[in-house]
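Inspection log for the structure reproduced underneath, given as structure tokens.
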């Protein structure tokens with residue numbers, strides 16, 4: 001399995017799907033891939049996907065993550081951003097590497113930990129995925145019980161909330177219930193492509209202050 005894997009090249013924007021992969025085989029593949037790589041993995045019930053994101057995929061991820069951080073800073077909520085950390089739970093036969101993720105409500109529960117074990121530690125409170133087409137990833141997030149999943153397809157932001165073990169699309173974020181997230185995030189992401197990241201963040205923070213003043 002390891003030798004064959006080294007011979008496979010996955011191009012940017014492409015996926016490699018492997019079936020009937022045991023947990024032990026998955027762990028061997030993960031170790032073989034190493035940490036210094038541009039690919040991301042998703043594993044669920046014996047199905048393994050290896051994906052290589054496009055450059056614009058990464059750019060969108062970074063800006064959306066920066067916008068989320070700005071919101072959390074403005075409302076003064078402690079958070080932990082763990083990017084594309086590998087999250088896995090052998091009991092659930094699930095593992096995944098998100099585009100970006102945040103511990104917010106459960107930040108204190110994982111603060112200072114060097115390694116997370118999802119058999120005892122909580123999953124991220126918020127996961128962000130860009131242009132996701134992977135059913136394996138969605139199933140993994142459900143099995144790992146990630147409560148809120150944002151999907152951005154290049155134009156639209158979709159909020160998915162975990163209800164009875166399945167994702168249900170919502171117009172409102174549970175984490176930021178008083179903000180028009182599905183409208184604001186795509187708008188300021190597109191602005192960043194015209195006026196730049198720093199100018200966009202200044203405008204976004206000014207908009208945030210206005211919104212928060214209305215809530216108060």
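Residue numbers (full-length UniProt numbering): 1 to 216. Yeah, the Cβ is synthetic: ideal placement off N, Cα and C, and Gly gets one too. Keep in mind the model is a prediction, meaning the values are calculated, not measured.
Between which two residues does the alpha helix (DSSP H) holding residue i run?
i, result
"residue 58", "55-74"
"residue 32", "23-33"
"residue 205", "197-215"
"residue 110", "107-110"
Look at the Cβ atom of residue i, then the Cβ atom of residue j, and state whether they are nearer than 8 angstroms.
i, j, result
"residue 152", "residue 67", "no"
"residue 167", "residue 161", "yes"
"residue 200", "residue 192", "yes"
"residue 91", "residue 119", "yes"
"residue 87", "residue 144", "yes"
"residue 125", "residue 102", "yes"
"residue 195", "residue 64", "no"
"residue 159", "residue 170", "yes"
At the level of alpha carbons, what is the spacing between residue i and residue j?
i, j, result
"residue 80", "residue 107", "6 angstroms"
"residue 89", "residue 157", "28 angstroms"
"residue 149", "residue 127", "5 angstroms"
"residue 3", "residue 60", "Only weak support exists for where residue 3 lies, its pLDDT of 41 falling under 50; the value from the coordinates is given anyway. The alpha-carbon atoms of residue 3 and residue 60 are separated by roughly 34 angstroms."
"residue 190", "residue 24", "43 angstroms"
"residue 105", "residue 82", "14 angstroms"
"residue 176", "residue 139", "24 angstroms"
"residue 180", "residue 20", "42 angstroms"
"residue 76", "residue 14", "39 angstroms"
"residue 84", "residue 31", "16 angstroms"
"residue 136", "residue 98", "12 angstroms"
"residue 227", "residue 123", "This structure cannot settle anything about residue 227, because the visible part of the chain is limited to 1 through 216."
"residue 45", "residue 58", "27 angstroms"
"residue 206", "residue 72", "14 angstroms"
"residue 213", "residue 172", "19 angstroms"
"residue 29", "residue 202", "43 angstroms"
"residue 48", "residue 215", "44 angstroms"
"residue 27", "residue 109", "26 angstroms"
Considering residue i, what are the terminal residues of the beta strand (DSSP E) in which it resides?
i, result
"residue 157", "157-163"
"residue 168", "166-170"
"residue 96", "94-96"
"residue 44", "40-44"
"residue 87", "87-89"
"residue 99", "Where residue 99 is concerned, there is no enclosing beta strand (DSSP E), given that its DSSP letter is neither H nor E."
"residue 16", "15-18"
Comparing C-alpha positions only, which one of the options sits nearest to residue i?
i, options, result
"residue 43", "94, 110, 183 and 211", "94"
"residue 69", "100, 146, 171 and 111", "100"
"residue 37", "62, 10 and 48", "10"
"residue 129", "113, 154 and 121", "154"
"residue 51", "78, 96 and 171", "96"
"residue 178", "210, 203, 165 and 163", "210"
key: Within the stretch 121-160, ranges of the alpha helix (DSSP H) (whole runs, at least 4 residues)   = 135-144
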